[in-house]
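Everything on this sheet refers to the single structure shown next.
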Amino acid sequence: MDESIHDAALQRCHVGQWKSPKRSTVPFAAFIEARARASRRIVDLGCGAGAALSQLAAAHPHVEFVGIDVSPKLIGFANALSEGGQSPNVTFVIDDWFELQCYPAVDGVISLQTLSWLSGFEAPLQ
Ligand SMILES: C[S@@+](CC[C@H](N)C(=O)[O-])C[C@H]1O[C@@H](n2cnc3c(N)ncnc32)[C@H](O)[C@@H]1O
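The numbering of the sequence shown is our numbering, which starts it at 617 and goes up by one.
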C-alpha cells in the first residue's frame with residue numbers, strides 16, 4: 617500500500633471528520649440503529665482514522681466496535697484521537713481485509729466509503 621496517498625487525505629478528510637463528521641454518517645447511523653442495538657460486536661473494514669466508528673461507538677456503548685484498516689498511519693491517528701476514554705468500547709487494528717487475521721465472532725460488519733478501494737469495483741456497476 618502506498619502510504620503517501622494518505623498524507624493529503626489525512627488532513628482533508630480523515631482527521632477532519634473528528635471535528636466535522638461527514639454528513640453521510642448521520643443517515644448511516646440511523647440505518648444501522650436497530651441492528652446495532654441488538655449487536656454485541658461490530659467490525660468496521662477500512663475505518664480510516666476512526667471518526668465515524670467512534671461516533672457509532674459513543675451511541676452504542678454496549679457494543680464492542682473494532683476498526684480495521686490497512687494503513688498503519690491512519691490506525692495511528694485513530695488510536696491517538698480516541699484516547700481519553702471517550703470511546704472505551706472501540707479498538708483499532710492494522711489489518712488487510714483481503715487477508716484478515718482471526719477475530720472473535722461478530723454480529724455485524726460495516727464498511728464506509730470503501731467501494732472504490734476494491735480493484736475492479738466498476739465492473740458490477742456497468
Ligand atoms: C475512503 S477511506 C474510508 C475511511 C472511513 N471508512 C470513512 O468513512 O471515512 C477508505 C479506507 O479503506 C482503507 N483500505 C484500503 N484497502 C484496504 C485493505 N485492503 N484492507 C483494509 N483497509 C483498506 C484505506 O486505508 C482507507 O482508510
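Glycine included, every Cβ here is placed at the ideal spot set by N, Cα and C.
Residue i burial status per 10 Å Cβ neighbour count (16 or more: buried)
i: residue 703; result: buried
i: residue 593; result: Outside the displayed range of the chain (617 to 742) lies residue 593, so it cannot be described from this structure.
i: residue 636; result: exposed
i: residue 741; result: exposed
i: residue 652; result: buried
Distance CB(residue i)-CB(residue j) smaller than 8 Å
i: residue 665; j: residue 645; result: no
i: residue 732; j: residue 660; result: no
i: residue 655; j: residue 736; result: no
i: residue 648; j: residue 663; result: no
i: residue 657; j: residue 720; result: yes
i: residue 713; j: residue 667; result: no
Reference residue i, options the options, closest by Cα
i: residue 709; options: 692, 738 and 721; result: 692
i: residue 650; options: 630, 675 and 640; result: 675
i: residue 631; options: 697, 722 and 686; result: 697
i: residue 717; options: 686, 629 and 623; result: 686
i: residue 629; options: 715, 722, 699 and 729; result: 729
Anticipated Cβ contact below 8 Å, residue i with residue j, distance rounded
i: residue 642; j: residue 670; result: The Cβ separation is near 14 Å, so there is no contact.
i: residue 672; j: residue 681; result: 6 Å
List in chain order: all unbroken alpha helix (DSSP H) runs of 4+ residues lying wholly within the region 667–739.
667–675 and 688–697
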